[in-house]
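Throughout, the numbering used here is defined as the position within the sequence shown, counted from one, plus 243.
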Amino acid sequence: MTTDAVISGDDLPVDRSTVRKPDARLRAPGFMRRLIEFIVRMVVGALLCLHPLGSLLIAGWLLRWARHRAIWLWAGLSPLPAADQAKAVMDMVPGWRAGRPPSWLIDERPRSELGSGIAKWFRKLTGALRQNLAAGLGATFNAWVLLLPGQILMLFSWWGGWENSFNKGYEQAWVGPTVALIGIAWFVPMAAYFSFSIGRQSVAGWRSCYDWHLNWRLMTQRPWLTVVIALIAVAAGAGYSALRFAPFFFPDSVAGFDEFTPEQLAEFARQFAWAALIYLLLVGIVLKQLAARFYAASLMDGLARGVFSIEELRPEERRILNTLSIKPEPIPAPTRWWWRMLVRFSGRVQRIILGAGVLAAWFGVIAQVYIAQFGNHNWMIWVNHPWLQLVWIPIPGGGG
């Protein structure tokens, strides 16, 4: 496949050594300013996650921020002059602020583009809110479609196991483990797929999650990236499991805990959940940002290798790449037949080994959930893993 068949635009190949210094509008603000803004956003974001509706808004906000990450990375590969890069990015992401997340409520577009009259102010004051909710609904819907069947089966297996233990139904002892294995067999590959494809969904929209063949080819461009995501998910799950076991140690570690009134216990539970949500929100940011970064890199690799063409991409992806005039430099295929076979064979072996590692890691995530259930019997964890899906946990007085 020729280069022109990949991405139309200027004939210059992408070369990082020749990319010009970004326009000031694409540069991040100072470290201290970003740090203060980040801390404030984490505190307020965790408060929003105390309610399911707020967590839905945060889910969309995380996805829009991931989109910013992908576009920012592609802008760095653009051969356009710095000023043209900035203009292209500002056209695609109104109100662009490099290194900073999108707005929660206020529409970033100029008021002149929002119409006139009262409708203009309504759009301005609620534009980002509506975008965040729409993106959050799309992400949550896809998570339910892909993950919920396995999660429900695992929930039923846990219930069946307890029923069998208390009622001594030895003839039905096989039901719980069998249903658990079926649920795990569904959930593990779907979680690996969803955790990577969410990066593409942030750019191409929620329907891109069902481009099965294309997403699989993206995942296989750099298979070790899926291992990184899986290992982070394992670490995040371990941290959350530790938080679920923490209440066992409160009587010994919190002064006067045994003398708390019901109201004091409820307030303490809300404060503890808020702190846990800050941790989960940080994990959500890391996973979504990495997924977008890995997707952006894998897309460039696939186009350069001719694994897929630009015609197979979603309209939004084509628009972004063409606007930035990005043209990945083609990677030439080996000319000798034996070398091609060796490269193909080694690639398959690598994908098999790394794929097994990914599945093992996600199995570890589920194993942690089963173990943590012995310390905290909250059934919601089966249908919503807050470090992967909605950043929300039900708490007394928390809106859930």
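Ideal placement from N, C-alpha and C gives every residue a C-beta, glycine not left out.
Roughly how far, in whole angstroms, is the beta-carbon of residue i from the beta-carbon of residue j, given that I think they are within contact range, below 8 Å?
{"i": "residue 288", "j": "residue 301", "result": "6 Å"}
{"i": "residue 299", "j": "residue 376", "result": "6 Å"}
{"i": "residue 321", "j": "residue 567", "result": "4 Å"}
{"i": "residue 535", "j": "residue 448", "result": "About 14 Å; that fails the 8 Å criterion."}
{"i": "residue 472", "j": "residue 437", "result": "So it is not a contact: roughly 10 Å between Cβ atoms."}
{"i": "residue 349", "j": "residue 380", "result": "At roughly 20 Å, the Cβ-Cβ gap does not stay under 8 Å, so residue 349 and residue 380 are not in contact."}
{"i": "residue 345", "j": "residue 325", "result": "Wrong, their Cβ atoms sit about 23 Å apart, outside the cutoff."}
{"i": "residue 520", "j": "residue 636", "result": "7 Å"}
{"i": "residue 417", "j": "residue 393", "result": "Contact doesn't hold; Cβ gap of about 19 Å is too wide."}
{"i": "residue 305", "j": "residue 480", "result": "Going by Cβ atoms, the distance from residue 305 to residue 480 rounds to 18 Å, so no, they are not a contact pair."}
{"i": "residue 630", "j": "residue 483", "result": "6 Å"}
{"i": "residue 395", "j": "residue 512", "result": "27 Å between Cβ atoms; not a contact."}
{"i": "residue 485", "j": "residue 605", "result": "Actually they are not in contact, since the Cβ atoms of residue 485 and residue 605 sit about 19 Å apart, beyond 8 Å."}
{"i": "residue 624", "j": "residue 608", "result": "Wrong, their Cβ atoms sit about 12 Å apart, outside the cutoff."}
{"i": "residue 445", "j": "residue 313", "result": "7 Å"}
Alpha carbon to alpha carbon, how far is residue i from residue j?
{"i": "residue 432", "j": "residue 602", "result": "7 Å"}
{"i": "residue 626", "j": "residue 496", "result": "31 Å"}
{"i": "residue 256", "j": "residue 572", "result": "Interpretation of residue 256 is limited by its pLDDT of 43, a score under 50 that renders its predicted location unreliable; no figure is taken from the coordinates."}
{"i": "residue 397", "j": "residue 574", "result": "45 Å"}
{"i": "residue 389", "j": "residue 425", "result": "14 Å"}
{"i": "residue 542", "j": "residue 329", "result": "22 Å"}
{"i": "residue 565", "j": "residue 537", "result": "20 Å"}
{"i": "residue 556", "j": "residue 309", "result": "18 Å"}
{"i": "residue 570", "j": "residue 276", "result": "35 Å"}
{"i": "residue 258", "j": "residue 293", "result": "Per-residue confidence for residue 258 stands at a pLDDT of 47, beneath the threshold of 50, marking its modelled position as unreliable; the derived number appears in the next sentence. Those two C-alpha atoms are separated by around 46 Å."}
{"i": "residue 249", "j": "residue 531", "result": "The pLDDT assigned to residue 249 is 38, lower than 50, so where the model puts this residue is not dependable; a value taken from the coordinates is nonetheless given after this. If you take the alpha carbons of residue 249 and residue 531, they lie about 27 Å apart."}
{"i": "residue 343", "j": "residue 533", "result": "16 Å"}
{"i": "residue 208", "j": "residue 386", "result": "The requested residue 208 does not occur in the structure, where the chain is confined to residues 244 to 643."}
{"i": "residue 290", "j": "residue 550", "result": "44 Å"}
{"i": "residue 469", "j": "residue 547", "result": "20 Å"}
{"i": "residue 540", "j": "residue 493", "result": "45 Å"}
{"i": "residue 618", "j": "residue 465", "result": "38 Å"}
{"i": "residue 365", "j": "residue 373", "result": "11 Å"}
{"i": "residue 460", "j": "residue 507", "result": "53 Å"}
{"i": "residue 489", "j": "residue 595", "result": "38 Å"}
{"i": "residue 336", "j": "residue 518", "result": "32 Å"}
{"i": "residue 451", "j": "residue 307", "result": "15 Å"}
{"i": "residue 599", "j": "residue 487", "result": "29 Å"}
{"i": "residue 476", "j": "residue 561", "result": "31 Å"}
{"i": "residue 383", "j": "residue 633", "result": "7 Å"}
{"i": "residue 457", "j": "residue 274", "result": "38 Å"}
{"i": "residue 510", "j": "residue 351", "result": "37 Å"}
{"i": "residue 620", "j": "residue 501", "result": "21 Å"}
{"i": "residue 254", "j": "residue 553", "result": "Residue placement at residue 254 is poorly supported in this model, since its pLDDT is 39, which falls under 50; the coordinates still yield a value, given next. Roughly 16 Å between the two C-alpha positions."}
{"i": "residue 628", "j": "residue 585", "result": "41 Å"}
{"i": "residue 315", "j": "residue 563", "result": "11 Å"}
{"i": "residue 378", "j": "residue 323", "result": "30 Å"}
{"i": "residue 186", "j": "residue 590", "result": "Any question about residue 186 goes unanswered here, given that the chain covers just 244 to 643."}
{"i": "residue 285", "j": "residue 587", "result": "45 Å"}
{"i": "residue 311", "j": "residue 402", "result": "42 Å"}
{"i": "residue 640", "j": "residue 592", "result": "Because residue 640 sits at a pLDDT of 48, beneath the cut-off of 50, its placement in the model cannot be relied upon, and the point is left open."}
{"i": "residue 545", "j": "residue 478", "result": "29 Å"}
{"i": "residue 327", "j": "residue 610", "result": "50 Å"}
{"i": "residue 362", "j": "residue 516", "result": "38 Å"}
{"i": "residue 404", "j": "residue 419", "result": "5 Å"}
{"i": "residue 616", "j": "residue 503", "result": "25 Å"}
{"i": "residue 295", "j": "residue 333", "result": "32 Å"}
I need the boundaries of the alpha helix (DSSP H) containing residue i, first residue and last residue.
{"i": "residue 471", "result": "466-488"}
{"i": "residue 554", "result": "Neither: residue 554 is in no alpha helix (DSSP H) and is coded neither H nor E."}
{"i": "residue 459", "result": "455-462"}
{"i": "residue 496", "result": "493-496"}
{"i": "residue 499", "result": "No alpha helix (DSSP H) holds residue 499; DSSP gives it neither H nor E."}
{"i": "residue 507", "result": "505-548"}
{"i": "residue 624", "result": "623-626"}
Output yes if chain C places a C-beta closer than 8 Å to the C-beta of residue i; else output no.
{"i": "residue 592", "result": "Looking at the structure shown, chain C is missing, and only one protein chain is on hand."}
> Which ranges would you report for the beta strand (DSSP E) in the segment 562-613 if only whole runs of at least 3 residues count?
Replying inline: Correct list: empty.
>> List, from N- to C-terminal side, the alpha helix (DSSP H) runs of 4 residues or more that fit wholly inside the segment 284-359.
In response: List check, alpha helix (DSSP H) in window: 295-320 and 325-335.
>> As an exercise, report each continuous beta strand (DSSP E) stretch of at least 3 residues that is fully enclosed by the segment 366-443, in chain order.
In response: DSSP runs (the beta strand (DSSP E)) wholly in the segment 366-443: none.
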